[in-house]
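Q:
Numbering (UniProt numbering), first residue to last: 1 to 258.
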């Protein structure tokens, strides 16, 4: 299997790269739309896609605006395009060597595929996943807007690389970041399965002092929290639970309460 992939990529390298031809129906988004980048369950970055009609993904800086250095990714792999009249984003696989997946399903080459808020897409066998965020504000007739404050609860698991690797539970935390992520994924699975509540798990296992309140935090506005935590919290809907969020404090899961 790997030999076939390598051969396909090698053949791709021998051909000149045509620039992506933007469809006539494309238009520039009118809101601060962005992509959340997740790798191995951890939020690692975000990309602003609000300034252009389209975003091209691939290995070559000559034609791609979002670069992926994985060998299974083609030089010009796929494009995400905004259709203003439909108020919708479409992902187009540009006849890549190894395919494009939306919500873990392979899409057809050269066929615009709808991508909505919180849809996840990936390229080839790269472990990076991209999650579309901020589309709720792309409709000019919509009255929805980002709230001034949000109220959340969270569950923090610290690790040896945390800014302050100690907590009310452990005076010296020696677990690795990978182990912290594994534990947090286990907690999230327990919550989403309904076997226990977020509040109970936060009370028992969170390394934050908010554990005594079941992880509940006071309402906060932009600029009061670490940026990855803040961006995630403001992007959630009320009642929604986040994936793993990586900050200097450790790794978290967040539930928006209001």
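Positions of the beta carbon are idealized from the N, C-alpha and C atoms, including for glycine.
Would you check if the stretch 72 to 79 and the stretch 92 to 105 touch, i.e. whether three or more CB-CB distances between them fall below 8 Å?
A: Counting Cβ pairs under 8 Å, three or more are found: they touch.
Q: Tell me the rounded alpha-carbon separation between residue 19 and residue 34.
A: Answer to the nearest angstrom: the Cα atoms are 23 Å apart.
Q: Return the first residue and the last residue of the alpha helix (DSSP H) that residue 189 is part of.
A: Residue 189 -> alpha helix (DSSP H) spans 177 to 193.
Q: Tell me where the alpha helix (DSSP H) around residue 64 begins and ends.
A: Looking at the DSSP string, residue 64 is not in any alpha helix (DSSP H), and its letter there is neither H nor E.
Q: Suppose the cutoff is 6 Å on Cβ atoms and the five residues either side in sequence are ignored; what does the same chain contact list for residue 44 look like?
A: Counting only Cβ-Cβ distances below 6 Å, and skipping sequence neighbours, we find 37.
Q: Which residue spans inside the stretch 72 to 157 form an unbroken alpha helix (DSSP H) run of at least 4?
A: The qualifying runs do not exist here; there are none.
Q: Taking only the alpha-carbon atoms, compute the straight-line gap between residue 253 and residue 238 and give it to the nearest angstrom.
A: Distance between the alpha carbons of residue 253 and residue 238: 14 Å.
Q: Per DSSP, what kind of secondary structure is residue 39 in: helix, strand or coil?
A: If DSSP states are grouped into helix, strand and coil, residue 39 belongs with the strands.
Q: Looking only at C-alpha atoms, which of 70, 69, 85 sits nearest to residue 23?
A: The shortest C-alpha separation from residue 23 is found at 85.
Q: Specify the secondary structure class of residue 216 as computed by DSSP and reduced to three states.
A: Looking at residue 216 - three-state DSSP - the assignment turns out to be strand.
Q: Run through the DSSP bridge pairs and tell me what residue 221 is partnered with.
A: 149, per the DSSP bridge assignment.
Q: Only counting the same chain, and skipping five residues up and downstream in sequence, which positions put a Cβ closer than 7 Å to that of residue 242?
A: Excluding sequence neighbours, residue 242 sits near 232, 236, 253, 254.
Q: Where does the unbroken beta strand (DSSP E) through residue 246 begin, and where does it stop?
A: From DSSP, the beta strand (DSSP E) with residue 246 extends over 245 to 247.
Q: With three or more C-beta pairs closer than 8 Å as the rule, is the stretch 96 to 110 touching the stretch 149 to 159?
A: Cβ pair count under 8 Å is below three, so no.
Q: Tell me whether the stretch 114 to 134 and the stretch 177 to 197 touch, counting them as touching only if at least three CB pairs, one residue from each stretch, are closer than 8 Å.
A: Taking 8 Å as the limit for Cβ pairs, the verdict is that the stretch 177 to 197 does not touch the stretch 114 to 134.
Q: Is there contact here, the stretch 207 to 215 with the stretch 113 to 120, by at least three beta-carbon pairs under 8 Å?
A: At 8 Å Cβ cutoff, the stretches do not touch.
Q: Looking at the structure shown, is residue 203 part of a helix, part of a strand, or coil, going by DSSP?
A: Helix.
Q: Report the three-state DSSP secondary structure of residue 230 (helix, strand or coil).
A: DSSP places residue 230 in helix when its eight states are reduced to three.
Q: Please report the straight-line C-alpha distance between residue 221 and residue 66, rounded to a whole angstrom.
A: Their backbone Cα atoms lie some 30 Å apart in a straight line.
Q: Closest to residue 147 by CA distance: which of 39, 107, 257, 171 is it?
A: If we check each option's Cα against that of residue 147, 257 comes out closest.
Q: Helix, strand or coil for residue 258, going by three-state DSSP, please let me know.
A: Coil at residue 258, not helix or strand.
Q: Give me the residue from 15, 25, 40 with the minimum Cα distance to residue 177.
A: It is 40 whose Cα lies nearest to the Cα of residue 177.
Q: Taking the C-alpha atoms as reference points, what is the distance between residue 240 and residue 31?
A: Going from the Cα of residue 240 to the Cα of residue 31 covers about 22 Å.
Q: Could you tell me whether the Cβ of residue 63 comes closer than 9 Å to any Cβ of chain D?
A: This model lacks chain D altogether, as it is built from one protein chain only.
Q: Which value, in whole angstroms, describes the spacing of the CA atoms of residue 59 and residue 16?
A: Using only the alpha carbons, I get a separation of about 14 Å.
Q: Mapping DSSP to helix, strand and coil, what is residue 20?
A: Three-state DSSP puts residue 20 in coil, outside helix and strand.
Q: Taking just the CA atoms, how far does residue 105 sit from residue 144?
A: Note on residue 144: pLDDT 48, under 50, position unreliable in the model; no value is reported.
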